[in-house]
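If you read the protein sequences in the order shown, they are chains A and B. Per the working numbering, numbering of the first sequence is gapless, rising by one per residue and ending at 291. Per the working numbering, numbering of the second sequence is gapless, rising by one per residue and ending at 803. For glycine and all other residues, C-beta sits at the position ideal for the given N, C-alpha and C. Just so it is clear, the structure is predicted and the values come from calculations on it, not from any experiment. Here is the structure we will look at, set down as C-alpha cells.
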Amino acid sequence: MAAALAAAHGRGRKLGAGRMSAASPTLQVSGLGKRFPPRPGQAEAPWILADLNFSVAHNEFLTMVGPSGAGKTTLLNIICQVDAATSGEVNFLGKTMKAGNGATLKPGWDCQIGYVTQDDNLLPWRSLIDNVTFPLRIQGKLNDQTMERVTQLMKVVNLTGFERYYPHELSGGMRKRASLIRTLAYDPPIILMDEPFGAVDAQTRTTLQMDLLRLWNLGKKTIIFVTHDIGEAISLADRVLVLSRSPAKVVAEHRVNIPRPRDLSNVYKLDGFGDMFETVRKELL
Amino acid sequence: MTAIARTLPATRSNRRLLIPAGRIALAVGLWFLWEFGSYSMGKEWLPTPEATLVRIWNLAASGQLARDTWVTFLEAALGMIIGGVGGSALPFVLRLSPRLMRALEPFLSAAFGVPKLALAPLFILWLGIGMPTKVVFVASIVFFLMFYNGMAGVLSVDPRLIAMARVAGAKEWIITREIVWNTTMPFLFSGLKIGLPRALSGAVVGEFIAADSGLGWYINNARSLNDTTGVLAGVVVVTAIVILVNAALQRTQARQMAWRPVSRDMVV
C-alpha cells in the first residue's frame with residue numbers, strides 16, 4: 007500500500023522537500039467573526055464566530071477540536087469562501103478575503119483550497135469513478151497521468167472494483183472515502199476536512215487516518231482538520247487548536263511532539279498522548 | 536421441506552404470469568362490457584367494438600386515417616416542442632436571477648389561470664383555422680405544465696452539491712448542465728408524462744373548434760352526422776396514439792434515469 011501511495015504522490019513533487027519554517031504562514035485568519043441574519047422576531051442574531059485568530063504554516067497538519075455546534079463547519083465554509091465573513095479577513099497566498107455580503111466570493115480560491123465536507127456530497131447520477139474525477143474533468147486536467155493517480159488512490163482506499171457503481175449502491179464509508187480522494191485527486195495545496203471520518207466505524211477510521219497521514223507525509227500538503235474527537239485531533243496533528251463553545255474562540259494551542267511516523271493503532275501508548283488528551287479534555291469542559 | 540422446495544420455483548413463475556394474465560382478463564372483460572352496453576343501449580347509441588374496428592380498418596384502407604392522424608400528431612408534436620422547450624428552459628433562466636423570478640411570478644400564475652379554451656376564438660381570428668392555431672393552442676397548454684414541473688425541479692437542487700462543485704472549480708454553466716439539469720430531469724419527465732396526452736387532446740379539441748382535417752375534425756364531423764361509429768373510431772385511434780407515445784416516453788425515461796435508487800414514478 008505504501009508503494010502505491012508513493013506512486014500516487016511521486017509525480018510532480020519532490021519527496022521530503024523539507025518543510026518551510028512555521029514563521030511563513032500559508033493561510034492567516036484575522037479577527038474573523040460570523041453571524042447569520044436574525045430570525046423574524048429576533049433583534050440580533052448571536053455570533054457564531056467572534057474575533058478568531060490563527061494561522062497555518064506551509065505543509066502543516068493543523069487540527070481543530072471543539073464541541074458540536076461550536077461553529078467549526080461555519081469556519082471552514084468561510085475559509086474556503088463558500089460563505090462570507092461578517093467581520094475580519096482571511097489571507098492566503100498574498101490574496102485577501104475581506105468580510106462582506108458574499109457577492110465577491112471565490113469558492114475554493116481558484117482550486118487552491120480543497121474541501122472534504124461532512125456529507126459526502128457525491129453526485130447521485132454519476133458513477134463512483136465519474137464522481138472522483140469530477141473536479142479534474144471540470145478543471146480540464148483529466149489525462150492519462152491524473153487518471154493513473156486516481157486509480158492509485160482508489161486502490162489505497164479499497165474502492166477498486168466499484169468504479170461503475172452509483173453512490174446509492176455503496177455504503178456510507180465507501181462514499182466517504184470516495185469524497186476524500188475526490189479532493190486528493192486534484193491535489194490542491196490546502197485541504198480542509200470537516201469531520202471526514204465521523205460516519206465510519208472505529209477500525210475503518212484508524213485505517214483511513216493512517217492512509218491520510220501517509221498521503222500527507224508523502225505529498226507534503228497543508229491540512230486543516232476539524233473534529234470533535236480529541237484522540238483523533240491529537241494523533242494526526244502537528245498542532246491542535248482547542249475551540250470554545252459558540253461563539254468559537256481559540257482557547258488553547260498545543261504543539262504535538264509525538265514523533266512521526268505514528269502508529270495510530272496504538273496511539274494511546276504513544277509518548278505524551280495521555281497527558282495531552284487529559285489537558286484538552288479539561289479545556290473543552 | 537422438499538415438497539415446498541419443489542413447488543417454490545413453479546409458484547414464482549406462476550406469479551410472474553399473473554400480471555399479464557390479469558391484464559388480458561381485464562381487457563376481455565371490458566370488451567364484453569362494451570358489447571353488453573352496445574346490445575342493451577342499441578347499436579345506434581353505442582356501436583359494437585367490432586363495428587368500430589371495421590370502421591378504423593376502412594379508414595386505414597382509404598388513406599384517410601393516415602392523413603388525419605398525421606395532421607393531429609404534427610400539431611401536437613410542434614406544440615409540444617415549442618411549449619415544452621420554452622416551459623423547460625424558463626426555470627433554468629429564472630434560477631440565475633431570483634429577482635426576475637419574483638417579479639414574474641404573479642404574471643405567470645395569472646397566465647396559467649387563463650382558460651386556454653376561451654382564447655381559442657381569438658387564436659382563430661389571428662391565425663386562421665389551419666395548423667398554426669392548434670400548434671399555439673397546444674403550446675399554451677404544455678408550456679405551463681413543463682414550466683411548473685421544471686421550476687419544482689430547479690428549486691429542489693441541493694445547495695451543498697453546488698457549493699462542492701464551485702469549490703472544485705465549476706463555472707456557472709457547468710453547474711447548470713451537471714447539477715441543475717440532472718436534478719430537474721425527473722421533474723421534466725413527470726411534466727412530459729402529463730404533457731404528452733394533454734398535447735394530443737389539446738390538438739383534438741382545437742380541431743373540434745375549427746379545422747378541415749385531423750382526428751378531432753373527423754370526430755366532430757362524425758358527431759354532426761350522428762355517426763356514432765365514427766366518433767368512437769376517432770376516440771379509439773387517439774387513445775392508441777397516447778398509449779404508444781407513453782410507452783416510448785417510459786423507455787426513454789428508464790434509460791435516462793438508471794441512476795435513481797428506485798423508480799418512484801407510477802407505472803401507468
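Roughly how many angstroms separate the alpha carbons of residue i and residue j, rounded to a whole number?
i	j	result
alanine 205(A)	isoleucine 264(A)	26 Å
phenylalanine 67(A)	glycine 237(A)	15 Å
aspartate 603(B)	methionine 160(A)	59 Å
isoleucine 697(B)	isoleucine 616(B)	29 Å
valine 588(B)	methionine 681(B)	Note that residue 588(B) is leucine in the sequence shown, not valine. Leucine 588(B) and methionine 681(B): Cα-Cα distance of roughly 35 Å.
alanine 612(B)	valine 670(B)	8 Å
serine 271(A)	leucine 214(A)	11 Å
leucine 148(A)	methionine 699(B)	18 Å
arginine 630(B)	isoleucine 710(B)	11 Å
aspartate 207(A)	leucine 165(A)	17 Å
alanine 29(A)	valine 246(A)	Confidence at alanine 29(A) is low in this model, with a pLDDT of 46, below 50, so its placement is unreliable and the value that follows should be read with caution. Cα to Cα, alanine 29(A) sits roughly 17 Å from valine 246(A).
valine 628(B)	phenylalanine 679(B)	15 Å
glycine 280(A)	arginine 261(A)	14 Å
tryptophan 566(B)	arginine 786(B)	28 Å
methionine 153(A)	threonine 139(A)	8 Å
leucine 129(A)	glycine 619(B)	26 Å
leucine 552(B)	alanine 687(B)	39 Å
alanine 105(A)	glycine 179(A)	36 Å
leucine 657(B)	alanine 674(B)	15 Å
proline 194(A)	arginine 701(B)	14 Å
leucine 594(B)	leucine 735(B)	20 Å
phenylalanine 642(B)	leucine 635(B)	11 Å
alanine 583(B)	glycine 572(B)	At residue 583(B) the sequence reads threonine, which differs from the alanine that was named. Between threonine 583(B) and glycine 572(B), the C-alpha separation is close to 8 Å.
serine 691(B)	proline 173(A)	19 Å
leucine 198(A)	valine 122(A)	6 Å
glutamate 259(A)	arginine 251(A)	16 Å
Does residue i come out as helix, strand or coil in the three-state DSSP assignment?
i	result
valine 197(A)	Note that residue 197(A) is isoleucine in the sequence shown, not valine. It is a strand residue.
arginine 266(A)	coil
threonine 583(B)	coil
alanine 56(A)	strand
proline 31(A)	strand
leucine 760(B)	coil
alanine 556(B)	helix
lysine 112(A)	coil
serine 61(A)	strand
leucine 291(A)	coil
glycine 769(B)	helix
leucine 128(A)	coil
glycine 47(A)	coil
serine 36(A)	strand
arginine 795(B)	coil
serine 691(B)	coil
serine 573(B)	helix
serine 562(B)	Here residue 562(B) turns out to be alanine, not serine, going by the sequence shown. Helix.
Determine which residues share a DSSP beta bridge with residue i and list them.
i	result
glycine 120(A)	Ile197(A)
arginine 261(A)	Arg245(A)
isoleucine 230(A)	Leu68(A) and Leu198(A)
methionine 103(A)	Val96(A)
alanine 254(A)	Leu55(A)
serine 725(B)	Serine 725(B) pairs with nothing; no bridge assigned.
Going by beta carbon distance, what residues of the same chain come within less than 8 Å of residue i, once the five residues before and after it are set aside?
i	result
isoleucine 196(A)	Thr32, Leu33, Val62, Phe98, Gln118, Ile119, Gly120, Lys227, Thr228, Ile229 and Ile230
lysine 101(A)	Trp115
arginine 795(B)	Pro721
serine 27(A)	Because the pLDDT of serine 27(A) is 42, which lies under 50, any placement of that residue in the model is unreliable, and the question is left without a value.
Within a Cβ cutoff of 7 Å, which residues of the same chain sit near residue i, ignoring the five residues on either side of it in sequence?
i	result
isoleucine 539(B)	Unreliable placement is indicated for isoleucine 539(B), whose pLDDT of 48 sits below 50; no coordinate value is reported for it.
aspartate 217(A)	Val162 and Val163
methionine 103(A)	Gln87, Glu95 and Val96
lysine 728(B)	Leu784
arginine 41(A)	Ala51, Pro52, Trp53, Ile54 and Thr92
arginine 211(A)	Phe203
threonine 157(A)	none
arginine 758(B)	Val766
leucine 131(A)	Rather than leucine, the amino acid found at residue 131(A) in this sequence is tryptophan. Around tryptophan 131(A): no qualifying Cβ.
phenylalanine 283(A)	Ile236, Gly237 and Ile240
alanine 8(A)	At alanine 8(A), the pLDDT of 47 sits below 50, so the modelled position is not reliable; the number obtained from the coordinates is stated separately. Around alanine 8(A): Arg220.
leucine 142(A)	Leu148, Thr152, Ala191 and Tyr192
I'd like the list of long-range same chain contacts for residue i, defined as Cβ closer than 6 Å, with 5 residues on each side in sequence excluded.
i	result
alanine 56(A)	Gly39 and Pro253
tyrosine 574(B)	none
valine 606(B)	Ser748 and Gly749
histidine 234(A)	Ser74
- request: Could you name each continuous alpha helix (DSSP H) segment of 4 residues or more that falls completely within the segment 134-219 of chain A, going from the start of the chain to the end?
  value: For the segment 134-219 of chain A, whole alpha helix (DSSP H) runs of length 4 or above, ordered along the chain, are 134-138, 140-144, 150-162 and 178-192.
- prompt: What alpha helix (DSSP H) runs, 4 residues minimum, are completely inside the segment 601-664 of chain B?
  reply: Runs of alpha helix (DSSP H) with 4 or more residues, each lying fully within the segment 601-664 of chain B, are found at 633-648 and 651-662, listed in chain order.
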